[in-house]
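Novice:
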Amino acid sequence: MIRYTAIPTRKYIYTNLLFFTLMFIILLGIGLIFLYYFSQSLYDGKVIGYNPSLYGGEVTGEFRQEYHKLYSYGIFQHIFAFLLWGIDFMSILISCYFIIAIIRLFPVKSWMSKIILFIIFVAIFSTIQTIVMNVLSKLEKYAVTIKSSGFMDKNDFFDTSFYPIEDFTILGLCFTCLLIIVLVAITGRIINKKLEI
Numbered sequence: 001m002i003r004y005t006a007i008p009t010r011k012y013i014y015t016n017l018l019f020f021t022l023m024f025i026i027l028l029g030i031g032l033i034f035l036y037y038f039s040q041s042l043y044d045g046k047v048i049g050y051n052p053s054l055y056g057g058e059v060t061g062e063f064r065q066e067y068h069k070l071y072s073y074g075i076f077q078h079i080f081a082f083l084l085w086g087i088d089f090m091s092i093l094i095s096c097y098f099i100i101a102i103i104r105l106f107p108v109k110s111w112m113s114k115i116i117l118f119i120i121f122v123a124i125f126s127t128i129q130t131i132v133m134n135v136l137s138k139l140e141k142y143a144v145t146i147k148s149s150g151f152m153d154k155n156d157f158f159d160t161s162f163y164p165i166e167d168f169t170i171l172g173l174c175f176t177c178l179l180i181i182v183l184v185a186i187t188g189r190i191i192n193k194k195l196e197i
């Protein structure tokens, strides 16, 4: 990261995170629009313009049903799914920033050593995050009970349209948001004080 003005590093990191997350959400929305129009081009379980002799096999009615499952959700659940995807993407980005800043602290010169260090830190970081998320999902059954919300199912998991993680709960979301804030603060401090970029 190279800064040309006296902007604090935390603001610079937040700006990068916001920009890339917005771009990701916009591309996700465009993909969902294409998905909608692709599902509309289905007629009696067959894709219009699809020649089974060229590509092998036919598209069954199950194919159409999978795409039309999205219509059983409301607009707010789609927006909430976009928000959850954005938070996950932001968490991945700040984790990469943090790991890269940590690796730059080591006096390693070769690219192969940096790649190996990156893989090791990603494995350690993702293992710790997975363990914490599993503990939080088990603790939430005893700590938080939310009923009659359009975004929660009977097990207090998020019920959204195209967000694939089934065991994602409110405590997990709060932990992810808190992790983003803490990692931005730590990464900004490492860049300012130790790396002096």
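Mapping of the sequence shown onto UniProt numbering: position 5 corresponds to residue 5, and the numbering continues sequentially without gaps. Cβ coordinates follow ideal geometry from the N, Cα and C atoms, glycine included. As the structure is a prediction and not an experimental result, all values here were calculated from the model.
From the DSSP output, in three-state form, read off K109 for me.
Specialist: Three-state DSSP puts K109 in coil, outside helix and strand.
Novice: Is it true that the region 90 to 105 meets the region 26 to 35, where meeting means three or more beta-carbon pairs spaced less than 8 angstroms apart?
Specialist: Result no; under three Cβ-Cβ pairs closer than 8 angstroms.
Novice: Within 8 angstroms, do at least three Cβ pairs link the region 17 to 26 to the region 85 to 93?
Specialist: The region 85 to 93, when compared against the region 17 to 26, does touch it at the 8 angstroms Cβ threshold.
Novice: Can you give me the Cβ contacts of T9 inside the same chain, cut-off strictly under 6 angstroms, excluding the 5 residues immediately before and after it?
Specialist: Cβ neighbours of T9 beyond the five flanking positions: G188, I191 and N192.
Novice: Could you please give the first and the last residue of the uninterrupted alpha helix (DSSP H) stretch that includes I170?
Specialist: Counting along the chain, the alpha helix (DSSP H) containing I170 begins and ends at I170 to R189.
Novice: Suppose you measure from the CA of L171 to the CA of I180; what does that come to, to the nearest Å?
Specialist: Those two C-alpha atoms are separated by around 14 angstroms.
Novice: For L139, collect the residues of the same chain with a Cβ closer than 8 angstroms to its Cβ; drop the 5 residues on either side in sequence, then sort them by chain order.
Specialist: Taken in chain order, the residues that qualify are L171.
Novice: How many angstroms separate the CA atom of T29 from the CA atom of F80?
Specialist: The sequence shown places Gly at residue 29, rather than the Thr named in the question. The straight-line gap from Cα to Cα measures roughly 12 angstroms.
Novice: Express the C-alpha separation of S110 and I116 in angstroms, rounding to a whole number.
Specialist: Taking the straight line from one Cα to the other gives about 10 angstroms.
Novice: Let me confirm a value: G184 is counted as buried when at least 16 other C-beta atoms fall within 10 Å, else exposed. Which label applies?
Specialist: The question names Gly, yet the displayed sequence has Val at residue 184. When all chains shown are included, V184 counts as buried.
Novice: For L93, which residues of its own chain have a beta-carbon under 8 angstroms away from its beta-carbon, when the five flanking residues on both sides are left out?
Specialist: Result list for L93: N16, L17, F20 and T21, in chain order.
Novice: Give me, in chain order, the residues of the same chain whose beta-carbon lies closer than 7 angstroms to that of F118; leave out the 5 immediate sequence neighbours on both sides.
Specialist: For F118, where only same-chain residues beyond five positions count, the Cβ hits under 7 angstroms are I99 and I103.
Novice: Within 10 Å of its beta-carbon, does F82 have 16 or more other beta-carbons around it, so buried, or fewer, so exposed?
Specialist: Buried: at least 16 other Cβ atoms inside 10 Å.
Novice: Using CA atoms only, rank isn't needed, just tell me which of M90, V135, V108 and Y12 is closest to L178.
Specialist: Ranking M90, V135, V108 and Y12 by Cα distance to L178 puts M90 first.
Novice: Would you call I13 buried or exposed, if buried means 16 or more other Cβ atoms sit within 10 Å of its Cβ?
Specialist: Answer is buried; the Cβ neighbour count reaches 16.
Novice: Is the separation between the beta-carbon of K114 and that of V122 shorter than 9 angstroms?
Specialist: Not in contact: K114 and V122 (Cβ atoms no closer than 9 angstroms).
Novice: Note down the Cα distance separating F106 from K194, rounded to an integer number of angstroms.
Specialist: Between F106 and K194, the C-alpha separation is close to 11 angstroms.
Novice: Kindly list the residues whose CB is nearer than 6 angstroms to the CB of I186, restricted to its own chain and excluding five residues on each side of it in sequence; keep chain order.
Specialist: There are no such residues.
Novice: Taking the C-alpha atoms as reference points, what is the distance between I124 and M133?
Specialist: Each residue's alpha carbon lies about 14 angstroms from the other.
Novice: In whole angstroms, what is the alpha-carbon distance linking V135 and C174?
Specialist: Near 14 angstroms, if we compare the C-alpha coordinates of C174 and V135.
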